[in-house]
Amino acid sequence: MCGIVGYIGNREAYPIIINGLKRLEYRGYDSAGIALFDGTQIQLSKTKGKVADLESRVAAEIKTNGSLGIGHTRWATHGVPNDVNSHPHYSNSGDLVIIHNGIIENYASIKKELINRGYHFNSDTDTEVLVNLIEEIKKQENVKLGKAVQIALNQVVGAYAIALFDKNKPDEIVVAKLGSPLAIGIGDDEFFVASDATPFIEFTNNAIYLEDEEMAIIRRGRDVKVRKIKGDNLVDPYVQELQLNIEQIEKGGYDHFMLKEIYEQPSVIKDTYRGRLLANKGIVKLGGLEDYIEKFTNANRIIIVACGTSWHAGLVAEYIFEDLARIPVEVEYASEFRYRNPIITEKDVVIAISQSGETADTLAAIKLAKEKGAFVYGVCNVVGSTISRETHSGTYTHAGPEIGVASTKAFTTQITVLMMMALRLAKAKGTVSQSDYMLHLRELDTIPGKVEEALQGDDKIKEIAAKYKDAANFLYLGRGYNFPVALEGALKLKEISYIHAEGYPAAEMKHGPIALIDEQMPVVVIAVNSNHYEKVVSNIEEIKARKGKIIAVVTEGDTQVKELADYIMEVPKTPESLSPLVTTIPLQLLSYHIAVMLEKNVDQPRNLAKSVTVE
């Protein structure tokens, strides 16, 4: 989950690397470091804290000239976040320097053997073990750096994206990947290395994305040489043209990326269905789905695997697919799925949902499902990501880069894709009437406007946030399609404000959580017009009887709940099956404003990272 940046070329490396680290800080921000080769020796500086702390440290400690360098921003796995455990790490000789994203699971046994051979270690990291293993092999086998890396990686167990160089051979960077993403930007006699393309997008649109168990030797004046770590055969690398632009990864005048991404939802939902949905003509068509319609329609069941917010999108999809397409659906935490010895057959379809397309647990679930013969379909946001390559087919959301660690626009665009899939399958199976089908298409086409309308309640939501920002606990309740939205609303609040919050099906409240309710307990209830409306009203009455404070998400014009609630957040009238796309908006804004008022780091909440590439 760490961020990796490297540069070799004719420019000054430092500004490229430090700006690249700022763009990758969403991947981890416990500590940061940089190593530059100034023509004579390595200049290394690293520190606990953010990239901004690193900048200050660099200014005081080292010279920043040189056209070769690597940098790292860390989400800690082995070793507490401190200066010593920060990357980069030297080998014992001081010749090699490395950065690493991932986990070396067998590092302890390797470390023990290296200590027996006279090596000493300054940090508690698995990464320092790896760089010394590479050095030992290079020395004992009398091989070049690239070969030493290859041999070492065949001895380790775990996941990694690495970049390293040898100060005695400063015209080369060696990189490798297994389980964690790594991109190589190709310029004019210059090369960039990064966890994703954002650090180098203004310099080149050409990139190579390494596949698992591939390594590359990057030398100035030569083409990038890619080979398999196992087997040693050369690979003809595919140079991909990037579609990113610099405006997408800047804040654009907003105080935080999260707020920008919340307000981008009308446009990105439209981008997600643009060219796929022609409401007036009764057409919904997803390129990745069309050739595999029969896989879905003949499936015994659909199994959805995901983590975090994507899991909540999967829960919404369970309602959508079962309601419209009449296909049984199971929604699984990817992290638990693989360890349960699940029953999967070739008659099952697995849908894997991931914003980043790099989530380690989801990727492991995909590999297990494929081994069992299931057809695997991916829904993810990042083009060229590992999950997009590992699945049999899939559909991209078009949310654009999501930098804020707390996911917002990814959630709504995932639901948009899943709704289109369900409608296409329902049409193929004949499980919805033509009138219902057309109604859903037309209503989906209006969602961007309704999200825009929901965003206009921001000032009122800010007032509610000011009232309840000091609450110790929140309860979120929803029913039917909006039960997952309650879970997602609670997660958002936990993630960025650090207030304890729980989401529940509203009817389950009286099976335990009602014991928590008193005059200090704010309860957020999603009470929009639906088949469950009267039952939700009854649940609100039960809360009021125990002096709980009600914050209700209601349909515009609602009077019944309005009389009962302490505060309301209005959303436009929307069919129940599409309501999560609008009901989630006020909950996103509520969590955002509470976190801002509590002076929390909204975009980089503590202990979290955007792309979870370790299990």
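Take the sequence shown: its position 544, counting from 1, is numbered 543 in numbering that gives the first Met the number 0, and each next residue is one higher.
From the three backbone atoms N, C-alpha and C, an ideal C-beta is built for every residue, glycine too.
Item                                                                                                                                                                                      : Value
Do residue 582 and residue 542 have their beta-carbon atoms positioned less than 7 Å apart in this structure?                                                                             : no
Who are residue 504's beta bridge partners in DSSP?                                                                                                                                       : 477
If you drop the 5 nearest sequence neighbours on each side, which residues of the same chain put their C-beta closer than 7 Å to that of residue 319?                                     : 417, 418, 421 and 576
DSSP beta-bridge partners for residue 100?                                                                                                                                                : 160
Below 8 Å CB to CB, which residues in the same chain sit around residue 625 once its five sequence neighbours on both sides are set aside?                                                : There is simply no residue 625 to check, as the chain begins at 0 and stops at 614 in what is shown.
Out of curiosity, what's the CA-to-CA distance linking residue 382 and residue 297?                                                                                                       : 29 Å
Could you give the DSSP three-state label for residue 303: helix, strand or coil?                                                                                                         : strand
Below 7 Å between beta carbons: does that hold for residue 31 and residue 53?                                                                                                             : yes
Report the residue from 114, 218 and 84 whose alpha carbon sits nearest the alpha carbon of residue 144.                                                                                  : 218
Considering only residues of the segment 25–62, which uninterrupted beta strand (DSSP E) runs meet the minimum length of 3 residues and lie entirely inside it, listed in chain order?    : 30–36 and 41–47
Leaving out five residues on either side along the sequence, give the residues of the same chain with a beta carbon under 6 Å from the beta carbon of residue 325.                        : 430
Could you check if residue 469 is buried or exposed, using at least 16 other CB atoms within 10 Å of its CB as the buried criterion?                                                      : exposed
In whole angstroms, give me the CA-to-CA distance for residue 117 and residue 131.                                                                                                        : 11 Å
State yes or no: is the C-beta of residue 561 within less than 7 Å of the C-beta of residue 518?                                                                                          : no
Please report the residue range of the alpha helix (DSSP H) in which residue 400 lies.                                                                                                    : Where residue 400 is concerned, there is no enclosing alpha helix (DSSP H), given that its DSSP letter is neither H nor E.
Note down, in chain order, each residue of its chain lying with its Cβ closer than 8 Å to the Cβ of residue 301, except the 5 sequence neighbours on either side.                         : 295, 320, 326, 327, 328, 329, 347, 348, 349 and 350
Report yes if the CB atom of residue 361 is closer than 7 Å to the CB atom of residue 316, and no otherwise.                                                                              : no
Pull up the CB-CB distance for residue 186 and residue 203, whole angstroms please, since I reckon it's below 8 Å.                                                                        : 4 Å
In terms of residues, what are the limits of the alpha helix (DSSP H) holding residue 125?                                                                                                : 125–140
Quick check: what's the CA-CA separation for residue 523 versus residue 76?                                                                                                               : 35 Å
Roughly how many whole angstroms lie between the Cα atoms of residue 182 and residue 209?                                                                                                 : 6 Å
By DSSP, does residue 363 sit in helix, in strand, or in coil?                                                                                                                            : helix
Could you name the residues of the same chain whose beta carbon sits closer than 6 Å to that of residue 323, not counting the 5 residues immediately before and after it, in chain order? : 421, 425 and 431
Quickly, what does DSSP pair residue 521 with across the bridge? List them, please.                                                                                                       : 548
Is the beta carbon of residue 626 less than 7 Å from the beta carbon of residue 409?                                                                                                      : Residue 626 lies beyond the range of the chain shown here (0 to 614); nothing can be said about it.
Would you identify the three-state DSSP class for residue 348, choosing helix, strand or coil?                                                                                            : strand
When DSSP builds the beta bridges, which residues end up paired with residue 279?                                                                                                         : Note: residue 279 sits in no beta bridge, so no partner.
For residue 267 and residue 415, what's the separation of their Cα atoms in angstroms?                                                                                                    : 10 Å
Which residues in the same chain as residue 11 place their Cβ atom closer than 8 Å to its Cβ, once the five residues preceding and following it in sequence are excluded?                 : 63, 64, 65 and 66
If you follow the beta strand (DSSP E) that residue 531 is part of, which residue opens it and which one closes it?                                                                       : Neither: residue 531 is in no beta strand (DSSP E) and is coded neither H nor E.
If you drop the 5 nearest sequence neighbours on each side, which residues of the same chain put their C-beta closer than 7 Å to that of residue 592?                                     : 460, 461 and 464
Please list the terminal residues of the continuous alpha helix (DSSP H) segment that includes residue 294.                                                                               : 292–296
Opposite residue 67 in the DSSP bridges: which residues?                                                                                                                                  : 7 and 36
Any idea which residues DSSP pairs residue 172 with across the strands?                                                                                                                   : 217
Measuring CA to CA, which of 466, 555, 510 and 488 is closest to residue 596?                                                                                                             : 466
Output needed for residue 180: all residues of its chain with C-beta closer than 6 Å, excluding positions within five of it in sequence on either side, in chain order.                   : 194 and 357
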